[in-house]
Structures are given as C-alpha cells and as structure tokens.
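Just below is one structure, and these are the notes that go with it.
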Amino acid sequence: MTEPLAGEDTGPIVRPYTMTGGRTSAGGARFDLVSVVTAVGEPGRVLPPEHLAILDACRAPASVADVASSTGLAVGVLRVLLADLRDAGLISLRRPAPPAGVPHESLLRDVLAGLRAL
Numbered sequence: 001m002t003e004p005l006a007g008e009d010t011g012p013i014v015r016p017y018t019m020t021g022g023r024t025s026a027g028g029a030r031f032d033l034v035s036v037v038t039a040v041g042e043p044g045r046v047l048p049p050e051h052l053a054i055l056d057a058c059r060a061p062a063s064v065a066d067v068a069s070s071t072g073l074a075v076g077v078l079r080v081l082l083a084d085l086r087d088a089g090l091i092s093l094r095r096p097a098p099p100a101g102v103p104h105e106s107l108l109r110d111v112l113a114g115l116r117a118l
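Under UniProt numbering, the residue at position 4 of the sequence shown is numbered 4, and the numbers go up by one with no gaps.
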C-alpha cells in the first residue's frame, strides 16, 4: 500500500508547472518584487482558481511580494500568472521609480540642513 503525498488537511497537491502550463518566464516586462499591481477589470470568462486568487489579492494596490505572500504562490509562478492577467487586461502594473529618479542622499541632507537653518 502506498503512502499519501499529503495529509487530509493539506488538500490536493498541484505542481507549479501545471499552473503555468509549463512556462517558466513571464514574457514582456519583468515584474519586480516591489512593483505594484492592481486589479482593474472583471474577467469575462472563467479563470483558473490561481488567477482568481491573484485578482482577489490585488483588489487594492499590492506589491508582487505581498501578492505572493497572500496567495502562497512561488514568485516565479506568480510572475507568469501575472503576465497572463496583464495580457488579458485584468491588472495594471506600476513599476518602482528608477534609481536615477531618486535624489541622492547628500542632496536630501543639504535640503534638510537648509530647512533647519530657516
């Protein structure tokens, strides 16, 4: 007699490659962990449960890391599924500011010193 792969409390085991259809890359723009995703539409068709869980997790703006944490999906799998939702027009993506757009620390210290001098 064989042992079950998981206990009765854990439910069925689904391999990550099954959720992504064997795909390992998201294609298109990369989803950084700090990119903010927001659900922007309702699906017009029936979606797999993983896609629905992602849409529920980003009804309010959430980072990719937060969505991964709340859904329990691996980040690599989540990125592929997010790309599916982006291509379907169901989520919007806001990337973090590029490093060149953030002021240097010394400039901020000079501004703070100037404000204190007022």
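Even glycine gets a Cβ: it sits at the ideal position worked out from N, Cα and C. None of the values given here were measured: they were computed from a predicted structure.
Check, Outcome
"How far does the alpha helix (DSSP H) with Leu85 in it extend, from its first residue to its last?", "Val75 to Asp87"
"Is DSSP giving Ala39 helix, strand or coil here?", "strand"
"Looking at C-alpha atoms only, which residue of Leu112, Leu85 and Ala100 is the closest neighbour of Gly44?", "Leu85"
"Can you give me the C-alpha to C-alpha distance between residue 196 and Val40, rounded to a whole angstrom?", "Nothing in the structure corresponds to residue 196, since the chain is present only between 1 and 118."
"Starting from Arg94, follow the beta strand (DSSP E) in both directions and report where the run begins and ends.", "Ile91 to Arg94"
"Relative to the C-alpha of Met92, which candidate in Arg59, Gly101 and Val102 has its C-alpha closest?", "In the sequence on display, residue 92 carries Ser and not Met. Of the listed residues, the one whose Cα sits closest to Ser92 is Arg59."
"Could you please give me the residues that DSSP links to Ala62 through a beta bridge?", "Val37"
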